[in-house]
Amino acid sequence: MTTRHPSRLTATLIVTAIGLGHAATEAFGDAAYEVTDTLIEITGDGLCAEPASNPSYSFHPSMVLHTPLVFDSLDAAPIDLEKGATNEFGGETSSRAIFVAEQTDTTMSLLMGGRSYASMPLATPGHYVANLKVQGHVDIAIDHPTTLHHETCIYATTFYSNGILEIQRLTAAGEESLDQFQNYQGNNVICQDGSIELEPGDYRISYFAIASGVSSGWNPSTKDVQTFIETRLEFVPLPKPGDVTGDGVVDGADLARVLGSFGTSATGGDLNGDGIVDGADVAIVLAHWG
Numbered sequence: 163m164t165t166r167h168p169s170r171l172t173a174t175l176i177v178t179a180i181g182l183g184h185a186a187t188e189a190f191g192d193a194a195y196e197v198t199d200t201l202i203e204i205t206g207d208g209l210c211a212e213p214a215s216n217p218s219y220s221f222h223p224s225m226v227l228h229t230p231l232v233f234d235s236l237d238a239a240p241i242d243l244e245k246g247a248t249n250e251f252g253g254e255t256s257s258r259a260i261f262v263a264e265q266t267d268t269t270m271s272l273l274m275g276g277r278s279y280a281s282m283p284l285a286t287p288g289h290y291v292a293n294l295k296v297q298g299h300v301d302i303a304i305d306h307p308t309t310l311h312h313e314t315c316i317y318a319t320t321f322y323s324n325g326i327l328e329i330q331r332l333t334a335a336g337e338e339s340l341d342q343f344q345n346y347q348g349n350n351v352i353c354q355d356g357s358i359e360l361e362p363g364d365y366r367i368s369y370f371a372i373a374s375g376v377s378s379g380w381n382p383s384t385k386d387v388q389t390f391i392e393t394r395l396e397f398v399p400l401p402k403p404g405d406v407t408g409d410g411v412v413d414g415a416d417l418a419r420v421l422g423s424f425g426t427s428a429t430g431g432d433l434n435g436d437g438i439v440d441g442a443d444v445a446i447v448l449a450h451w452g
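Numbering of the sequence shown is given in the working numbering, commencing with residue 163 and proceeding in unit increments.
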């Protein structure tokens with residue numbers, strides 16, 4: 163596992179997030195994984211409070227989603243939501259949420275997060291807040307042993323922002339964490355990559371990104387808080403035992419290869435690695451037939 167602190171990735175993330183690109187969810191044939199469940203929840207709120215001299219302290223919401231806005235399919239991507247408000251005193255709040263998903267038969271790329279902005283004008287007491295939270299998961303099923311290569315970058319601008327991404331195995335007893343990465347240090351980008359061996363079963367990619375901007379007091383104040391999580395997953399199926407030809411199926415062609423090198427030390431037919439092609443190797447082909 164490698165952790166890096168790149169110097170130029172911040173700009174890449176922001177340009178990617180703002181540009182959104184093209185998100186495609188393809189219909190797979192023989193894919194290395196299958197998406198079985200998706201949950202994308204976006205929650206945000208913002209307010210511009212009038213000066214403290216006004217006892218009513220009436221609020222001007224910018225994005226009121228205390229009940230999360232929920233999407234249950236990657237087909238909903240790309241998502242780009244932005245709401246904002248100002249009041250008569252010049253206070254301003256806005257929240258923006260982004261979710262992008264791109265898939266092929268062996269890879270999945272996700273980008274999620276957003277921005278919260280709160281600004282208080284000159285010499286105007288009050289309280290200006292913008293909050294944004296993007297969270298959820300993508301569940302996948304693997305039907306054969308697979309190596310998962312993953313690279314994740316989390317960009318957080320301040321201590322008011324936080325991003326977490328976790329890879330979990332789903333079991334009857336609950337979720338088992340395989341790898342977790344988070345950035346709560348603020349004003350930087352941290353990237354991590356690694357590989358995990360996956361047995362056939364069900365897995366979850368869960369994520370949580372929050373950004374909160376708060377401006378208050380008597381002096382001009384602006385908070386522009388951003389959090390983005392970008393991850394790329396590559397699923398590499400391991401060779402099937404007995405599949406000498408590498409076509410994904412154990413059949414007569416594989417048996418012919420083994421029998422053709424019977425009694426020799428040919429690497430292609432020596433499936434158990436004992437230095438000779440014999441009945442034990444034929445047994446491996448027959449045991450994984452189909």
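Built from N, CA and C at the ideal position, the CB exists for glycine as well.
For clarity, every value in this text was computed on a predicted model and none was experimentally measured.
Thinking just about the alpha-carbon of each residue, which of the options is nearest to the one in residue i?
i: G252; options: D413, T384 and G414; result: T384
i: M274; options: P401, H299 and G431; result: H299
i: G435; options: T266, I241, G404 and T389; result: G404
i: E392; options: V197, I352 and L201; result: I352
i: L332; options: R366, S257, E254 and A449; result: R366
i: H450; options: F424, G414 and T429; result: G414
i: D237; options: Q297, L201, S256 and T248; result: L201
i: I326; options: V296, T320, A335 and E338; result: V296
i: V197; options: D301, I446 and V447; result: D301
i: N350; options: T320, G356, I358 and I329; result: T320
Contact defined as beta carbons within less than 8 angstroms: I believe residue i pairs with residue j. What is the distance between those atoms, to the nearest angstrom?
i: L272; j: A259; result: Between A259 and L272 the Cβ distance is about 14 angstroms, and since that is not below 8 angstroms, they are no contact.
i: R419; j: G408; result: The pair is not a contact, with the Cβ atoms about 11 angstroms apart (cut-off 8 angstroms).
i: T268; j: F397; result: 5 angstroms
i: V387; j: S374; result: 6 angstroms
i: L310; j: L395; result: 6 angstroms
i: T389; j: F343; result: That pair is no contact at about 14 angstroms.
i: S427; j: I372; result: That belief does not hold up - the Cβ atoms of S427 and I372 are roughly 60 angstroms apart, past 8 angstroms.
i: N345; j: A318; result: 5 angstroms
Can you look up residue i in the DSSP assignment and give me helix, strand or coil?
i: G246; result: strand
i: D443; result: helix
i: L201; result: strand
i: L433; result: coil
i: D237; result: helix
i: L448; result: helix
i: P399; result: strand
i: E361; result: coil
i: V411; result: coil
i: Y369; result: strand
i: I438; result: coil
i: E384; result: In the sequence on display, residue 384 carries Thr and not Glu. DSSP places T384 in strand when its eight states are reduced to three.
i: V406; result: coil
i: S224; result: For S224, the predicted model reports a pLDDT of 40, less than 50, meaning its position is unreliable; a value from the coordinates is still stated below. DSSP places S224 in coil when its eight states are reduced to three.
i: T255; result: strand
i: D355; result: strand
i: D456; result: Residue numbering for the chain in the displayed model covers 163 to 452; residue 456 lies beyond these limits and cannot be assessed.
i: K425; result: Checking the sequence shown, residue 425 turns out to be Gly, not Lys. Here G425 sits in coil by DSSP.
i: Y279; result: strand
i: A193; result: coil
Which residue comes first and which comes last in the beta strand (DSSP E) that contains residue i?
i: D416; result: Careful: D416 lies outside any beta strand (DSSP E), inside the alpha helix (DSSP H) at G414 to G422.
i: H311; result: T308 to A318
i: M267; result: This sequence places Asp at residue 267; Met is not what is there. That residue, D267, is in no beta strand (DSSP E); it is neither H nor E in DSSP.
i: S323; result: S323 to T333
i: G336; result: G336 to N345
Taking only beta-carbon positions, decide if residue i is within less than 8 angstroms of chain C.
i: T429; result: The structure shown has no chain C; it contains just one protein chain.
Does the stretch 236 to 248 come close enough to the stretch 352 to 370 to have 3 or more Cβ pairs within less than 8 angstroms? no
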